[in-house]
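The next block holds one structure in the form of structure tokens; read it before the comments.
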DNA sequence: CAGATTATCTGGACTCTGTCCAGATAGCGG
DNA sequence: CCGCTATCTGGACAGAGTCCAGATAATCTG
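Protein chains in written order, with this note's numbering: chain R, 1 to 138; chain V, 1001 to 1138.
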């Protein structure tokens, strides 16, 4: 990890480490507000701007991945091996990871590319989590 | 169209029609600000709130579809036959439609559904449009 | 067609996320 | 230990959209 930071020409500051460890905590997909609070809890205090600066820097370095589900504010997750997708509950906005489906999915290479150079196909599955399902029935 | 409105128990007001026709204008995928301006041009004046109210009502009625690409504000498009996806330029945020790929794409039915009842698989392709490509090279 | 009902509109205050700015701090290479 | 800058801090500010309460105006009824 330290190596990753070094490679990206990122200094190892207390604030940066606080942000990183806050995201790695239980459960993934944290929003900026959560991270601000978690980091402050670790350091005593930290400016909101420093958190945003770090999130941006870490995303740019490829250490974090940022997702912006419709209806939620931006969420950050540690970038794992990769290219998994997300399944989001329409009721409570809970997010769970979905491993990338095996095999080169044909749907990820549209033939009509309109001249665009496509570099990523992002998939978001929408549904209702078990809890919200039972809540709806009531 | 009028029937659609009636079916959804929506009144036919001048404001509502202005919103609808503003979206149908050349090019699809309009944001709220564009619609506010377009509607005001047609009516002389219209409150921002009325525009939002209508957009929400029309989306709820299934007459409009709302997309929220990461990095852009919400965009609205008239709902066509359907289930096409979107290809967005990372440079200028331009959005073009991509027809749903033929055949039941296997990747759209994750086996590990975590107990969720999935009702939609949304796909967003990211890339660079022709124009932004040449701009980058310069 | 007049009256009643209530979906819609209006306008302004306000919230949430996130950004801009400029000066103060503090990692890290030498 | 020094100096260069990447980072931080704090506060003002901006964009997008929501909340509220009263005024309007489609539709429905008779």
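Note that beta-carbon positions come from the ideal geometry of N, C-alpha and C, so glycine has one too. Since this is a predicted model, take the numbers as computed values, not measurements.
**Prompt:** Looking only at C-alpha atoms, which of 1047/V, 1135/V, 1036/V and 1008/V sits nearest to residue 1092/V?
**Reply:** Here the closest residue by C-alpha is 1135/V.
**Asked** Considering only residues of the same chain and omitting the five flanking positions on each side of residue 1017/V, which have a CB-CB separation below 8 angstroms?
**Response** Close CB contacts of residue 1017/V within its chain, under the 8 angstroms cut and outside five residues either way in sequence, are absent.
**Message:** By the DSSP assignment, the beta strand (DSSP E) with residue 65/R in it spans what residues?
**Reply:** The continuous beta strand (DSSP E) containing residue 65/R extends over residues 64 to 67.
**Item:** 8 angstroms Cβ cutoff, residue 1138/V in contact with chain R
**Value:** Confidence is the limiting factor: at residue 1138/V the pLDDT is only 48, short of 50, which leaves the residue's position unreliable, though a coordinate-based value still follows. Not an interface residue.
**Asked** Starting from residue 86/R and walking both ways along the beta strand (DSSP E), at which residues does that stretch end?
**Response** It spans 85 to 89 - the beta strand (DSSP E) in which residue 86/R sits, taken as one unbroken run.
**Request:** Work out the CA separation of residue 1115/V and residue 1097/V for me, nearest whole Å.
**Result:** If you take the alpha carbons of residue 1097/V and residue 1115/V, they lie about 31 angstroms apart.
**Distance between residue 1084/V and residue 1102/V (C-alpha atoms, nearest Å)** = In this prediction, residue 1102/V scores a pLDDT of 48, lower than 50, which makes its location untrustworthy; the coordinate-derived value is nonetheless stated afterwards. Using only the alpha carbons, I get a separation of about 11 angstroms.
**Message:** Given this structure, state the Cα-to-Cα distance separating residue 1046/V from residue 57/R, to the nearest angstrom.
**Reply:** The alpha-carbon atoms of residue 1046/V and residue 57/R are separated by roughly 42 angstroms.
**Inter-residue spacing [alpha-carbon to alpha-carbon] between residue 132/R and residue 1095/V** = Going by the C-alpha atoms only, they are around 33 angstroms apart.
**Request:** Mind reading off the beta-carbon distance from residue 64/R to residue 75/R? Whole number of angstroms is fine, and I expect it under 8 angstroms.
**Result:** Not really, about 10 angstroms apart at Cβ, beyond 8 angstroms.
**Prompt:** Any idea what DSSP makes of residue 1038/V, helix, strand or coil?
**Reply:** If DSSP states are grouped into helix, strand and coil, residue 1038/V belongs with the helices.
**Asked** Between the region 34 to 68 of chain R and chain V, which residues of the former have CB atoms less than 8 angstroms from a CB of the latter, in chain order?
**Response** Cβ contacts with chain V come from 66, 67 and 68.
**Prompt:** By Cβ distance, which residues of its chain are closer than 8 angstroms to residue 35/R, with the 5 residues on each side in sequence left out?
**Reply:** Excluding its 5 nearest sequence neighbours in each direction, residue 35/R has C-beta neighbours in its own chain below 8 angstroms: 19, 22, 23, 51, 55 and 76, listed in chain order.
**Message:** Just verifying my parser: in three-state terms, what is the DSSP assignment at residue 1075/V?
**Reply:** Of the three classes helix, strand and coil, the one that applies to residue 1075/V here is strand, per DSSP.
**Prompt:** Are the beta-carbon atoms of residue 1117/V and residue 1069/V separated by less than 8 angstroms?
**Reply:** Annotated as distal: residue 1117/V and residue 1069/V, with beta-carbon spacing of 8 angstroms or more.
**Asked** Along chain V, in chain order, which residues have C-beta atoms closer than 8 angstroms to that of residue 89/R?
**Response** Chain V residues near residue 89/R: 1116.
**Prompt:** How would you label residue 1127/V, buried or exposed, when you count the other beta carbons within 10 angstroms and need 16 or more for buried?
**Reply:** Burial call: buried.
**Prompt:** Taking the alpha helix (DSSP H) that residue 1024/V falls in, what are its first and last residues?
**Reply:** In the DSSP assignment, residue 1024/V falls within the alpha helix (DSSP H) that extends over 1014 to 1024.
**Whether residue 99/R touches residue 73/R by CB criterion (8 angstroms)** = Going by C-beta atoms, residue 99/R is not nearer than 8 angstroms to residue 73/R.
**Item:** Residues that residue 121/R bridges to, as DSSP identifies them
**Value:** Looking at the DSSP output, residue 121/R sits in a beta bridge with 1125/V.
**Request:** Taking only the alpha-carbon atoms, compute the straight-line gap between residue 27/R and residue 78/R and give it to the nearest angstrom.
**Result:** As the crow flies, the alpha-carbon of residue 27/R is around 11 angstroms from that of residue 78/R.
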